[in-house]
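**Student:** Read in order, the letters of the sequence shown are residues 819 to 1070 in the working numbering.
Just so it is clear, CB atoms sit at the ideal spot from N, CA and C, and this is done for glycine as well.
All of these numbers come straight from a predicted model, not from anything done at the bench.
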Amino acid sequence: MTLYRDEGIVLRTQKLGEADRIVTVLTRRTGRIRAAAKGVRKTKSRFGARLEPFTHVDLQLYERRSLDLITQAETIRPYGEALVSDYPRYTAGTAMLETAERLTSEEGEPALRQFLLIVGGLRTLVERDHDPRLVLDAYLLRSLSVAGWAPALDECCRCGTRGGLRGFAIAAGGAVCAGCRQPGAATPAPPTFALMLALLRGDWEYADDSESRHRVECSGLVAAYLQWHLEHGIRSLRHVERDNDDTNRERV
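(1) Would DSSP call R823 helix, strand or coil?
(2) What whole-angstrom Cβ distance do M886 and A853 have, given they're in contact under 8 angstroms?
(3) So, for V843: in the same chain, excluding its five sequence neighbours on each side, which residues have a beta-carbon less than 6 angstroms away from its beta-carbon?
(4) Report the three-state DSSP secondary structure of E881 (helix, strand or coil).
(5) Using a Cβ-Cβ cutoff of less than 8 angstroms, which residues in the same chain neighbour R859 once the five nearest sequence positions on both sides are dropped?
(6) Tell me whether E927 is buried or exposed, calling it buried when 16 or more other Cβ atoms sit within 10 Å of its Cβ.
(7) Do Y880 and T848 come within 9 angstroms of each other at the CB atom, strictly closer than that value?
(8) Determine the contact status of A795 and L930, defining contact as a CB-CB distance below 9 angstroms.
(9) Would you mind giving the Cβ-Cβ distance between L1015 and R960, rounded to the nearest angstrom? I have them listed as a contact below 8 angstroms.
(10) Quick one: is C998 buried, meaning 16 or more other Cβ sit within 10 Å of its Cβ, or exposed?
(11) What does the alpha-carbon distance come out to for the pair R1053 and L954?
(12) Taking the Cβ atom as the reference point for each residue, do P950 and A910 lie within a distance shorter than 9 angstroms?
(13) Verify whether the separation of the beta carbon atoms of T831 and R868 is less than 9 angstroms.
(14) Ignoring anything shorter than 3 residues or poking outside the region 853–935, list the beta strand (DSSP E) runs there in chain order.
(15) Distance check for C977 and L943, CA to CA, integer angstroms please.
(16) Find out if the Cβ-Cβ distance for the pair R984, T1005 is shorter than 9 angstroms.
(17) Let me know if G966 comes out buried or exposed under the rule of 16 or more other beta-carbons within 10 Å of its beta-carbon.
(18) Quick check on the burial criterion: 16 or more other C-beta atoms within 10 angstroms. Buried or exposed for A1041?
(19) Could you check which residue in Q1045, G1020 and T1010 has the C-alpha nearest to that of E1029?
(20) Would a C-beta distance cut-off of 9 angstroms place F872 and P896 closer than the cut-off?
(21) Taking only the alpha-carbon atoms, compute the straight-line gap between V937 and L971 and give it to the nearest angstrom.
Now the structure itself:
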């Protein structure tokens, strides 16, 4: 057996037998891995609490033919502690973890940029400087970009025309001009396009000053675009959307 170390974000856990767990981790060097953690469901486990979702952890593992075995785990930062008491941030973070897993479909394939994005996204969430849905949408747009699916936002995805954008065609790849717009394409407001571009580029000054209606429209487009490319829904987004709807009703 080969011993190796890596750091990563715990994305998900599953029960294995009576006392063990399978832990899914997006690591800095190895990419997404699934590893067995022995005895972590016992109350006297040495590092069970360090292998919970949202935890940034340093791991030592034994490489095996099936599941690698976690032998040591040291917490770098427990992001979950700051999220569990804040439902909007917790649901946004959960959607980020699920997306990170879905966008790294090949186990053991290095995905450094995706790893850095999830670490940065969780750190931004817990710092509480920005609305959690804005943080989530920024993360989703940047993750899609790293995966090679960045939507066109400042030029027509069909003809390349800049300006005069009149629609958003998910299957075509993003914004479309009046001449290229086909029936069924969404028709977002110009500030919504500007907000999506700001989130993709990290322009938080513009994003933080955006209006609620443009944020709602942006979130809907980003979620639809993400789920079209993944071909299956992100289940966690349902909870984020429900919380967003409840917040809007309270404001009314």
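**Tutor:** The relevant details are as follows:
(1) For the purposes of this step, residue 823 is taken as residue 5 along the sequence shown, with counting starting at 1. Three-state DSSP puts R823 in a strand.
(2) Position 68 of the sequence shown, counting from 1, holds the residue named residue 886. Position 35 of the sequence shown, counting from 1, holds the residue named residue 853. This sequence places Asp at residue 886; Met is not what is there. D886 to A853, Cβ: 4 angstroms. Contact.
(3) Position 25 of the sequence shown, counted from the start, is the residue given in the question as residue 843. These residues qualify, in order along the chain: G826, V828 and I851.
(4) Here residue 881 is taken as the residue at index 63 of the sequence shown, counted from 1. Three-state result, E881: strand.
(5) Against the sequence shown, residue 859 aligns to sequence position 41. Result list for R859: K833, E836, A837, D838, R839 and G866, in chain order.
(6) Mapped onto the sequence shown, residue 927 falls at position 109. Here E927 is exposed: its Cβ has fewer than 16 other Cβ atoms, across all protein chains shown, within 10 Å.
(7) Start at 1 with the first residue of the sequence shown, and residue 848 comes out as number 30. Start at 1 with the first residue of the sequence shown, and residue 880 comes out as number 62. No. Outside cutoff.
(8) Residue 795 falls outside the range modelled here, since the chain spans only 819 to 1070, and no answer is possible.
(9) For this step, residue 1015 is matched to residue 197 along the sequence shown. For this step, residue 960 is matched to residue 142 along the sequence shown. By a beta-carbon distance limit of 8 angstroms, L1015 does not contact R960. Their separation comes to about 12 angstroms.
(10) By 1-based counting over the sequence shown, the position of residue 998 is 180. The residue is buried, with at least 16 neighbouring Cβ atoms inside 10 Å.
(11) Translated into positions along the sequence shown, residue 1053 becomes position 235. Translated into positions along the sequence shown, residue 954 becomes position 136. Going from the Cα of R1053 to the Cα of L954 covers about 14 angstroms.
(12) Here residue 950 is taken as the residue at index 132 of the sequence shown, counted from 1. Here residue 910 is taken as the residue at index 92 of the sequence shown, counted from 1. Their beta carbons are under 9 angstroms apart, which means P950 touches A910 by this criterion.
(13) Along the sequence shown, read from residue 1 onward, the residue named residue 831 stands at position 13. Along the sequence shown, read from residue 1 onward, the residue named residue 868 stands at position 50. Cβ atoms of T831 and R868: not closer than 9 angstroms.
(14) 873–881 and 886–896
(15) Taking the first residue of the sequence shown as 1, we reach residue 943 at position 125. Taking the first residue of the sequence shown as 1, we reach residue 977 at position 159. Distance between the alpha carbons of L943 and C977: 37 angstroms.
(16) For the purposes of this step, residue 984 is taken as the residue at position 166 of the sequence shown. For the purposes of this step, residue 1005 is taken as the residue at position 187 of the sequence shown. Cβ distance < 9 angstroms, so R984 and T1005 count as in contact.
(17) Position 148 of the sequence shown, counted from the first residue, corresponds to residue 966. When all chains shown are included, G966 counts as exposed.
(18) Reading the sequence shown from its first residue, position 223 is the one you call residue 1041. Taking all protein chains in view, the Cβ of A1041 is crowded by 16 or more other Cβ atoms within 10 Å, so the residue is classified as buried.
(19) For the purposes of this step, residue 1029 is taken as the residue at position 211 of the sequence shown. The residue with the shortest Cα to Cα distance from E1029 is T1010.
(20) Counting from one through the sequence shown, the residue named residue 872 turns up at place 54. Counting from one through the sequence shown, the residue named residue 896 turns up at place 78. Judged by beta-carbon spacing, P896 lies within the 9 angstroms limit of F872, meaning their Cβ atoms are closer than that value.
(21) Here residue 937 refers to the residue found at position 119 of the sequence shown. Here residue 971 refers to the residue found at position 153 of the sequence shown. Their backbone Cα atoms lie some 25 angstroms apart in a straight line.
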